[in-house]
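Colleague: Take 1 as the starting number for the sequence shown in the numbering used here and just add one per residue. Cβ atoms here follow ideal geometry from the backbone N, Cα and C, with glycine treated the same way. Okay, handing you the structure first.
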Amino acid sequence: MSTWNTYYQAHSLEDAIAVLTQSPSNNQIIAGGTDLLLEIQQGRHPPAHTLVDITTIPELNRLEVTSAYLWIGSAVPLAKLITWQPLQQHCLALYEAINLIGGPQVRNVATLGGNVAHALPAADGAIALLALDATVWIASPENGRTIDSSQVNQSTPNNLPIEVGQVRLRNQPLLDCYAGPGKSTLSAGEILVAFQIPLRKDGESSAFRRVMRPQGVAIAIQNMAVWLHLEKDTIMDIRIALGPAGPKPLRAHFAEEKMRGQKLSQATLSEATAAILAEARFRTSPHRATAEYRQHLTSVLLNETLAHAEAGRR
Ligand SMILES: Cc1cc2nc3c(=O)[nH]c(=O)nc-3n(C[C@H](O)[C@H](O)[C@H](O)COP(=O)(O)OP(=O)(O)OC[C@H]3O[C@@H](n4cnc5c(N)ncnc54)[C@H](O)[C@@H]3O)c2cc1C
Numbered sequence: 001m002s003t004w005n006t007y008y009q010a011h012s013l014e015d016a017i018a019v020l021t022q023s024p025s026n027n028q029i030i031a032g033g034t035d036l037l038l039e040i041q042q043g044r045h046p047p048a049h050t051l052v053d054i055t056t057i058p059e060l061n062r063l064e065v066t067s068a069y070l071w072i073g074s075a076v077p078l079a080k081l082i083t084w085q086p087l088q089q090h091c092l093a094l095y096e097a098i099n100l101i102g103g104p105q106v107r108n109v110a111t112l113g114g115n116v117a118h119a120l121p122a123a124d125g126a127i128a129l130l131a132l133d134a135t136v137w138i139a140s141p142e143n144g145r146t147i148d149s150s151q152v153n154q155s156t157p158n159n160l161p162i163e164v165g166q167v168r169l170r171n172q173p174l175l176d177c178y179a180g181p182g183k184s185t186l187s188a189g190e191i192l193v194a195f196q197i198p199l200r201k202d203g204e205s206s207a208f209r210r211v212m213r214p215q216g217v218a219i220a221i222q223n224m225a226v227w228l229h230l231e232k233d234t235i236m237d238i239r240i241a242l243g244p245a246g247p248k249p250l251r252a253h254f255a256e257e258k259m260r261g262q263k264l265s266q267a268t269l270s271e272a273t274a275a276i277l278a279e280a281r282f283r284t285s286p287h288r289a290t291a292e293y294r295q296h297l298t299s300v301l302l303n304e305t306l307a308h309a310e311a312g313r314r
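Below is the structure:
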């Protein structure tokens, strides 16, 4: 069985979208290929007619700091992203998460776009992006879903190298990319262009922690990312993301509600843990862990990730 018939190196968004939308219909985006090629080889994904390599499209390789946001191109290799100083300064949770993805060879080619588009509920980069309130810019064919171009012009960073009109662009919350385990909502010809993450302000911090099997199965037994806004020891605002805890990455809204306005104390942590356990849908997976073990890890990870985020604020 061949993995693909044709390998196409796209040099612009329009170029990639044109190839992705032409027949036959099984043309497929490839970035680092660390998920996709294994899936095809192991028969979990049908072979592609044409693999469309998006890694040399300039807009997808852009890293930029605007007055309010970080702009992270979806095809920047993780190894390069780790060395970008604003990432550590503004998004410690994401920096920590991508430092843990695979080993150096994987990080040399793997991308954040692939980590999200693969739509696994516990992908490390995606969990960190969710806690950081990232939104996603998506390019689609002219006949794709409509967008409000006035919104694009207001919220894109200055000097965005995409001429609106050449392709359609829309901005949406990260979770709207998820349809279920391994299933994204992206339709044919749609490309994740970039992630937009609010800059860190005074009193804010974030952290990422995970528990992994030592044999190195690619996905964590459980992971968690926290974004925290503390004033003295009062939690002004908080976002908690974890996985796998259901069919999509989980934002622990119940726990966040319990914690807002409270002191960062053991009592608050116990209440928050109970709230996560009420909301999460942990399951037993044959190669990784039982649901009971994951329930136990929730309290451990919440304590550790919050303590780390609090320390990072200083
Ligand atoms: C040895 C090994 C260890 C790993 N360890 C980890 C780990 O610790 N944590 C973890 O989270 N993951 C891990 N992974 C999984 C994988 O490396 C990551 O999910 C990676 O970020 C995927 O990115 P990629 O560029 O290689 O995606 P690809 O394999 O190129 O693509 C994945 C999917 O996303 C689609 N896609 C890619 N880019 C875009 C885009 N811009 N727009 C729309 N669709 C797109 C592709 O069509 C495909 O369906 C590991 C993988 C391996 C092989």
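What separation, rounded to the nearest whole angstrom, lies between the Cα atoms of P104 and W4?
Modeller: Position 104 of the sequence shown holds residue 104. Position 4 of the sequence shown holds residue 4. One C-alpha to the other measures close to 26 Å.
Colleague: Could you have a look at D148 and say whether DSSP puts it in helix, strand or coil?
Modeller: Position 148 of the sequence shown, counting from 1, holds the residue named residue 148. Any reading at D148 needs caution, since the residue's pLDDT is 41, under 50, leaving its predicted position unreliable; the model's value is listed next. The answer is coil: DSSP assigns D148 none of H, G, I, E or B.
Colleague: Under DSSP, the alpha helix (DSSP H) around S285 begins and ends at which residues?
Modeller: As a first step, residue 285 is located in the sequence shown; it is residue number 285 there, counting from the start. First-last for S285: undefined, no H or E at that position.
Colleague: Thinking C-beta only, is E59 closer than 9 Å to V193?
Modeller: Start at 1 with the first residue of the sequence shown, and residue 193 comes out as number 193. Start at 1 with the first residue of the sequence shown, and residue 59 comes out as number 59. Yes, the Cβ-Cβ distance between V193 and E59 is below 9 Å.
Colleague: Can you tell me which of the three DSSP states G113 falls into?
Modeller: Position 113 of the sequence shown, counted from the start, is the residue given in the question as residue 113. In this structure, G113 counts as helix in the three-state DSSP scheme.
Colleague: Counting C-beta neighbours from all protein chains within 10 Å, is the total for M259 16 or more, i.e. buried, or is it exposed?
Modeller: Counting from 1 along the sequence shown, the entry for residue 259 is found at position 259. Buried is the call here.
Colleague: Residues in its own chain within less than 8 Å of V167 by CB, not counting five upstream and five downstream?
Modeller: Residue numbering aside, residue 167 sits at position 167 when the sequence shown is read from its first letter. Within the same chain, V167 has close Cβ partners L13, E14, I17, A139, S140, P141, E142.
Colleague: Please look up how many angstroms separate the CB atoms of I235 and L242, rounded, as I've assumed it's under 8 Å.
Modeller: Residue numbering aside, residue 235 sits at position 235 when the sequence shown is read from its first letter. Residue numbering aside, residue 242 sits at position 242 when the sequence shown is read from its first letter. Their Cβ separation, rounded to whole angstroms, is 17 Å, which puts I235 and L242 out of contact at 8 Å.
Colleague: Taking the alpha helix (DSSP H) that Q89 falls in, what are its first and last residues?
Modeller: On the sequence shown, position 89 is the one that residue 89 refers to. Per DSSP, Q89 belongs to the alpha helix (DSSP H) from 85-90.
Colleague: Alpha carbon to alpha carbon, how far is Q88 from R209? Give it in angstroms, no decimals.
Modeller: Working through the sequence shown from its first residue, we reach residue 209 at position 209. Working through the sequence shown from its first residue, we reach residue 88 at position 88. Answer to the nearest angstrom: the Cα atoms are 15 Å apart.
Colleague: Can we count H287 as close to ligand 1, meaning its CB is less than 8 Å from some heavy atom?
Modeller: Residue numbering aside, residue 287 sits at position 287 when the sequence shown is read from its first letter. H287: no, Cβ never under 8 Å from ligand 1.
Colleague: State yes or no: is the C-beta of E256 nearer than 8 Å to some heavy atom of ligand 1?
Modeller: To locate residue 256, count along the sequence shown from 1; it is residue 256. For ligand 1, not one heavy atom lies less than 8 Å from the Cβ of E256.
Colleague: Check whether the Cβ atoms of L302 and A272 sit closer than 9 Å, and answer yes or no.
Modeller: In the sequence shown, the residue the question calls residue 302 occupies position 302. In the sequence shown, the residue the question calls residue 272 occupies position 272. Yes. Within cutoff.
Colleague: Does DSSP put F254 in a helix, in a strand, or in coil?
Modeller: Numbered from 1 along the sequence shown, position 254 holds the residue referred to as residue 254. Residue state, collapsed to three classes: helix.
Colleague: Indicate whether the contact test is met: 3 or more Cβ pairs, each with one atom in the stretch 168-178 and one in the stretch 274-283, closer than 8 Å.
Modeller: The answer is no - the stretch 274-283 does not touch the stretch 168-178, with fewer than three Cβ pairs under 8 Å.
Colleague: Contact defined as beta carbons within less than 8 Å: I believe G114 pairs with T56. What is the distance between those atoms, to the nearest angstrom?
Modeller: Counted from its first residue, the sequence shown places residue 114 at position 114. Counted from its first residue, the sequence shown places residue 56 at position 56. So it is not a contact: roughly 15 Å between Cβ atoms.
Colleague: Between the alpha carbons of S23 and P46, how many angstroms are there, rounded?
Modeller: One-based indexing of the sequence shown puts residue 23 at position 23. One-based indexing of the sequence shown puts residue 46 at position 46. Between S23 and P46, the C-alpha separation is close to 16 Å.
Colleague: Name the residue from L51, K263, T50, K80 whose alpha carbon lies nearest to the alpha carbon of R62.
Modeller: For the purposes of this step, residue 62 is taken as residue 62 along the sequence shown, with counting starting at 1. Nearest of L51, K263, T50, K80 to R62, Cα basis: K80.
Colleague: Would you kindly work out how many angstroms separate the C-alpha atoms of Q262 and I82, rounded to a whole number?
Modeller: In the sequence shown, the residue the question calls residue 262 occupies position 262. In the sequence shown, the residue the question calls residue 82 occupies position 82. Taking the straight line joining both Cα atoms gives about 34 Å.
Colleague: What three-state label does DSSP hand A16 in the structure shown?
Modeller: Walking along the sequence shown from the start, residue 16 turns up at place 16. Helix.
Colleague: According to DSSP, simplified to helix, strand and coil, what is N303?
Modeller: As a first step, residue 303 must be located in the sequence shown, where it is residue number 303. If DSSP states are grouped into helix, strand and coil, N303 belongs with the helices.
Colleague: With distance defined between alpha-carbon atoms, name the residue in V136, V300, S187 nearest to R170.
Modeller: As a first step, residue 170 must be located in the sequence shown, where it is residue number 170. When each option's Cα is compared against that of R170, the closest is V136.
Colleague: Using 8 Å as the cut-off, classify the Cβ of H118 as near or not near the heavy atoms of ligand 1, replying yes or no.
Modeller: Translated into the one-based positions of the sequence shown, residue 118 becomes position 118. It does: the Cβ of H118 is within 8 Å (strictly closer) of some heavy atom of ligand 1.
Colleague: Using the C-alpha atoms, what's the distance from P121 back to A274?
Modeller: The residue you call residue 274 lines up with position 274 of the sequence shown. The residue you call residue 121 lines up with position 121 of the sequence shown. A274 and P121: Cα-Cα distance of roughly 21 Å.
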